[in-house]
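In our numbering, the protein residues as written are 1458 to 1840. Virtual Cβ for every residue (Gly too), placed ideally from N, Cα, C. All figures in this text were calculated on a predicted structure; none of them were measured in a lab. What follows is a short report on a single structure.
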Amino acid sequence: MPSLFDPYDLGPLHLKNRVVMAPMERSRARNRDWAPDADTARYFSQRAGAGLIVTGSIAISPWARTWAFEPGLYTPTQIEAWRHVVSEVHDHGGVIFGQLRHGGRASHVSHQPDGQATVSSTDKGATKAIVMAFDEHGLPAVLVQGRPRALRTEEVPKIVGEFAQAARNAREAGLDGVEIHGANGYLHDQFINGALNTRGDRYGGSLENRIRFTLETVDAVAEAIGAARMGIRLSPFGRYNEMPPFADEAETYLTLAAELGKRNIAYVHFSDQTRWEDADGVSIPENFLRTFRSAFRGPVILAGGYLKETGQAAIDRGEADLIGIGKPFLANPDLVERLRNDWPLNAWDSKTFYTGGPAGYIDYPACADESVRPQAVLENDGV
Ligand SMILES: Cc1cc2nc3c(=O)[nH]c(=O)nc-3n(C[C@H](O)[C@H](O)[C@H](O)COP(=O)(O)O)c2cc1C
C-alpha cells in the first residue's frame, strides 16, 4: 500500500509526496492591480515541501471577482507578479497549480465592474450566504451576497473562453497547471445543481445540460494548455454558499466523473464538506467516494479535515491517491516534515485568515528551529 510520503507521478509532473496543500484564498492581494506580492511568494515557497501546492482562488476576469483582495490572472501585471511567485516556489523544489474561479452569484455587487449585478445560472439569490466585499464606504466588510442576473445563453461560452485564456496566462506565468474551481457553490456548481439551475436552454434542466458548462470549460482549458496540466475541484453534496440538495445529486456527479474520466485530465479534487465548521446538513452517502473514484478512474485528491492517519486511511480504503490539507498547512509551513516525524503542529489563527500583512501568513514557525518545537502545541480555535 503506498504511503502518504511516497512520491507520485501526476502525468508529466513528479510529486515528491502525496500531500497536497489545499487551495486557500487569503485576501493578500492588497494593491491596485489585484496582484500577488513578495509575501505571497514567500508564503508558498515556505510550503514547497507539499507534493503539490494549489493556490487559493484566482479571478479569471474582472467579472469573476468574488472575494475582497483575491488575486487575478487576467492582466499582464498579474501574470508578471505570478511569475515571481512561481519562480520562488520552483527554486524551493515545489510544484504549483493555480486555482481558477468565477464566483457567479457567490460574489457581491461591489466586486462587479460598474456596479453591475452578479451573474449565475439563475436569478435566485442566496438569502444568508456571505462574502467578503466592500461596504458603501469602500471598506472591506462581510456582506450577504445579493441577487444575481441569470446569464444569457450566449454569455456562457464567453466565460468558457475566459477560463481558457486564464489557463494560458497561468502557463505563461510558469504555473505547472491549473485547477478549475467547480466546487463550493461557485459558478460551475451553480450550473451543476439541479435545484438551483432550472434554465430552459442547453445549459439547464436535464443532467446533461447542467454539466455542459463544466465540461465545455474542461475541454477549452484542455485544448489551451493540455489535459495533463489541469484538474478540477468538485464538492458533491456540499451545501456551502447555500447549495440546495437535489434529486439526482449522486447520478449527476457520477455522470460528470465518468465524462471527466474520458478526458484524461490530471485529477479530480474532491472537496468533502462533511467536517466543515459551517457544514449545514452535509451528508455524503456511504461508499460514494469509492463509487465516484471508480466512475472517474483517474487520480483523485481528497480534502476536508484530513491529517496523517485519516489521510493514509483514505488512501488505504481506495478513496483517493492524494490528500489535500488546508488549515494545518496554513499554520505549518513544514507540514509534511512534521507529519513524517510526528512533530507537534502549530494551531491556526482564524482571525488572520483574511487580514492583510505578514501576520498569520508568513510568520508561522517551522519545526527545524529546535527552540520552537517544544512550545508548538497550541489549541486550534475550531474554525
Ligand atoms: C482560509 C481558507 C480559505 C479557503 N479558500 C479556498 C479557496 O480559495 N478555494 C477552495 O476551493 N477552497 C478553499 N478553502 C477550503 C479548503 O481548501 C479546504 O477544502 C477546507 O479548509 C477543508 O480542509 P481542511 O480541514 O484541511 O482545512 C478555504 C479554506 C480556508 C480555511
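Distance check for E1680 and R1747, CA to CA, integer angstroms please. Taking the straight line joining both Cα atoms gives about 29 Å.
At a cut-off of 7 Å, is N1474 close to ligand 1 when judged by its beta-carbon and the heavy atoms of the ligand? Every heavy atom of ligand 1 is 7 Å or more from the Cβ of N1474, so no.
Return yes when at least one heavy atom of ligand 1 lies under 7 Å from the C-beta of K1765, else no. Incorrect: K1765 has no Cβ contact closer than 7 Å to ligand 1.
If we call anything under 8 Å between Cβ atoms a contact, is H1565 one with A1590? Between H1565 and A1590, the C-beta gap is smaller than 8 Å, which places the two residues in contact.
Starting from Q1556, follow its DSSP beta bridges and name the residues at the other end. Q1556 pairs with S1514 and E1636.
Distance between N1626 and Y1531 (C-alpha atoms, nearest Å): In a straight line, the C-alpha of Y1531 is about 7 Å away from that of N1626.
Who are the near neighbours of V1401 in its chain, counting only those whose CB is closer than 8 Å to its CB and skipping five residues on each side? The chain is shown only over 1458 to 1840; residue 1401 falls outside these bounds and no answer can be derived.
My assumption, with CB atoms under 8 Å, is that I1722 sits in contact with G1768. Please give the rounded CB distance. Contact flag wrong, Cβ pair sits at about 22 Å.
Identity of the residue in L1653, R1696 and R1686 nearest G1738 by Cα: For the residues L1653, R1696 and R1686, the minimum Cα distance to G1738 belongs to R1696.
Alpha carbon to alpha carbon, how far is A1516 from R1522? Give it in angstroms, no decimals. Going from the Cα of R1522 to the Cα of A1516 covers about 5 Å.
Pair within 8 Å by beta-carbon distance, F1417 and A1486: Only positions 1458 to 1840 of the chain appear in this structure, which leaves residue 1417 out of reach.
Euclidean distance between Cα positions of G1839 and N1666: Note that G1839 scores a pLDDT of 45, beneath 50, so its modelled location is shaky; the value from the coordinates is reported in the next line. Each residue's alpha carbon lies about 39 Å from the other.
Does DSSP put R1606 in a helix, in a strand, or in coil? Here R1606 sits in strand by DSSP.
How close, in whole Å, do the beta carbons of Q1782 and R1475 come, if the pair is a contact with beta carbons under 8 Å? With the sequence shown as reference, residue 1782 is identified as Ile, and Gln is not the correct amino acid for it. That pair is no contact at about 11 Å.
In three-state terms, what does DSSP make of I1722? Under the three-state reduction of DSSP, I1722 is assigned to coil, being neither helix nor strand.
When the Cα atoms are used, what is the spatial distance from R1562 to P1614? Using only the alpha carbons, I get a separation of about 18 Å.
Leaving out five residues on either side along the sequence, give the residues of the same chain with a beta carbon under 6 Å from the beta carbon of G1642. Closer than 6 Å at Cβ, skipping near neighbours: A1563, Y1697, N1698 and M1700.
Given 8 Å, three or more beta-carbon pairs between the region 1538-1558 and the region 1571-1586: No: fewer than three Cβ pairs fall under 8 Å.
Roughly how many angstroms separate the alpha carbons of A1492 and P1533, rounded to a whole number? A1492 and P1533 have their C-alpha atoms some 10 Å from each other.
Three-way DSSP call (helix, strand, coil) for A1770 in this model: Helix.
Could you give the C-beta distance for P1693 and Y1724, rounded to a whole number, given that I count them as a contact under 8 Å? Distance from P1693 to Y1724 at the Cβ level is roughly 15 Å; contact not present, criterion being Cβ atoms closer than 8 Å.
DSSP three-state call for M1458: helix, strand or coil? Note: M1458 maps to coil in three-state DSSP.
So is the beta-carbon of K1784 under 7 Å away from any non-hydrogen atom of ligand 1? Under cutoff, so the answer is yes.
Which residues in the same chain as G1529 place their Cβ atom closer than 6 Å to its Cβ, once the five residues preceding and following it in sequence are excluded? W1491, A1516 and Q1535.
Express the C-alpha separation of G1761 and D1411 in angstroms, rounding to a whole number. This structure cannot speak to residue 1411, because the chain is shown only from 1458 to 1840.
How should S1460 be labelled, buried or exposed, when 16 other C-beta atoms within 10 angstroms of its C-beta is the threshold for buried? So S1460 counts as exposed.
Inter-residue spacing [alpha-carbon to alpha-carbon] between G1683 and L1467: Those two C-alpha atoms are separated by around 13 Å.
Using alpha carbons as the reference points, say which of L1764, K1808, D1820 and A1770 lies closest to P1801. Comparing Cα-Cα distances from P1801 to each of L1764, K1808, D1820 and A1770, the minimum goes to L1764.
Where DSSP assigns a beta bridge to I1844, which residues make up the other side? Since the first residue shown for the chain is 1458 and the last is 1840, residue 1844 is missing from the structure and cannot be characterised.
Under 7 Å Cβ to Cβ from I1819, same chain only, skipping five residues before and after it: list those, please. Its chain contains D1496, R1499, Y1500 and Q1503 as the residues whose beta carbon lies nearer than 7 Å to that of I1819, once the 5 sequence neighbours on both sides are disregarded; these appear in chain order.
Residue nearest to S1578 in terms of C-alpha spacing, selected from D1571, D1592 and P1605: It is P1605.
Taking 7 Å as the cut-off, does the CB of A1789 come closer than this to any heavy atom belonging to ligand 1? With the sequence shown as reference, residue 1789 is identified as Asn, and Ala is not the correct amino acid for it. No; taking the cut-off as 7 Å, the Cβ of N1789 has no heavy atom of ligand 1 nearer than that.
So for L1746, helix, strand or coil by DSSP? In this structure, DSSP gives L1746 a helical state, which the three-state scheme calls helix.
Counting only beta-carbon separations shorter than 8 Å, does A1685 have a partner in chain D? Checking the listed chains, one finds no chain D in this structure; it contains a single protein chain.
Would you mind reading off the limits of the alpha helix (DSSP H) that contains P1533? From DSSP, the alpha helix (DSSP H) with P1533 extends over P1533 to D1548.
Can you give me the C-alpha to C-alpha distance between A1574 and A1714, rounded to a whole angstrom? One C-alpha to the other measures close to 32 Å.
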